[in-house]
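Trainee: Going by our numbering, the letters in the sequence shown line up with residues 2 to 160, in that order. Even glycine gets a Cβ: it sits at the ideal position worked out from N, Cα and C.
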Amino acid sequence: MTGSAVAAGTAPRGQPRVFLDFARPFTLMPPALGVVSGAVTAWGAGHHKLPVTVTLMLPVLYGALMAAVLNAANNALNQIYDLDIDRVNKPARPLPSGALTMREAWAFTIVTCAAAWVLAWLAAPAEAAHHECFWIVVVTTGLCWIYSAPPIWTKRRGI
2 MTGSAVAAGT APRGQPRVFL DFARPFTLMP PALGVVSGAV TAWGAGHHKL
52 PVTVTLMLPV LYGALMAAVL NAANNALNQI YDLDIDRVNK PARPLPSGAL
102 TMREAWAFTI VTCAAAWVLA WLAAPAEAAH HECFWIVVVT TGLCWIYSAP
152 PIWTKRRGI
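Okay, structure coming up:
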């Protein structure tokens, strides 16, 4: 179902495809690929190249998923606070078209944010017991809020 189907009112409210459209899936791949390319670069730059195993790849997978899911949360937050603008400029999006309610939009935002935090926690290799990724994601979440939402709302200030 496309944005035009949402705008035409043929998209069932609250269906998985509507949430996927709300996440803006075409924007989710670049952050995930950034994590994977960073991991490959780090592995290639290492003096002692470890064999590629599930243990080595699992944190990369968690990190890539975390980046995509955090981006979905930020996309959702942006759409919540840009609703008035989107009603005019992008009426086919799920929120301005009525395919999603504000409550569903907030639920999606909170769930994806929490999922990103869990994935960031899991991204630390079990034997490392360090969770820098988690704390970076927590700070990034705050920065996303500062950019997208009041009271600071740097997006609206051209910052």
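By Cβ distance, which residues of its chain are closer than 7 Å to A74, with the 5 residues on each side in sequence left out?
Mentor: The sequence position of residue 74 within the sequence shown is 73, counting from 1. T110, T113, C114, A117.
Trainee: Taking only the alpha-carbon atoms, compute the straight-line gap between C134 and T141 and give it to the nearest angstrom.
Mentor: Stepping through the sequence shown from its first residue, residue 134 is reached at position 133. Stepping through the sequence shown from its first residue, residue 141 is reached at position 140. Each residue's Cα considered, the two are about 10 Å apart.
Trainee: Between A65 and A33, is the Cβ-Cβ spacing less than 8 Å?
Mentor: Residue 65 sits at position 64 when you count from the first residue of the sequence shown. Residue 33 sits at position 32 when you count from the first residue of the sequence shown. Yes; because the gap between Cβ atoms is below 8 Å, this pair is in contact.
Trainee: Are N76 and A24 closer than 8 Å when you measure CB to CB?
Mentor: As a position in the sequence shown, residue 76 is number 75, starting the count at 1. As a position in the sequence shown, residue 24 is number 23, starting the count at 1. Cβ atoms of N76 and A24: closer than 8 Å.
Trainee: Report the rounded CA-to-CA distance for S98 versus D85, giving the unit in angstroms.
Mentor: Here residue 98 is taken as the residue at index 97 of the sequence shown, counted from 1. Here residue 85 is taken as the residue at index 84 of the sequence shown, counted from 1. The straight-line gap from Cα to Cα measures roughly 12 Å.
Trainee: Please state whether the Cβ-Cβ distance between W122 and H132 is less than 8 Å.
Mentor: The residue labelled residue 122 in the question sits at position 121 within the sequence shown. The residue labelled residue 132 in the question sits at position 131 within the sequence shown. Result yes, Cβ atoms of W122 and H132 sit closer than 8 Å.
Trainee: What does a CB cutoff of less than 7 Å around K156 pick up in its chain, not counting 5 residues either side in sequence?
Mentor: Along the sequence shown, read from residue 1 onward, the residue named residue 156 stands at position 155. Y148, S149.
Trainee: Apart from the five residues just before and just after I137, which ones in its own chain have a Cβ nearer than 8 Å to its Cβ?
Mentor: Within the sequence shown, the letter at position 136 stands for residue 137. Cβ within range, chain order: A121.
Trainee: Considering L51, what are the terminal residues of the alpha helix (DSSP H) in which it resides?
Mentor: Numbered from 1 along the sequence shown, position 50 holds the residue referred to as residue 51. Taken as a continuous stretch (DSSP letters only), L51 belongs to no alpha helix (DSSP H), as it is neither H nor E.
Trainee: Whole angstroms is fine: what's the gap from A93's alpha carbon to A100's?
Mentor: By 1-based counting over the sequence shown, the position of residue 93 is 92. By 1-based counting over the sequence shown, the position of residue 100 is 99. When rounded, the distance between both Cα atoms is 9 Å.
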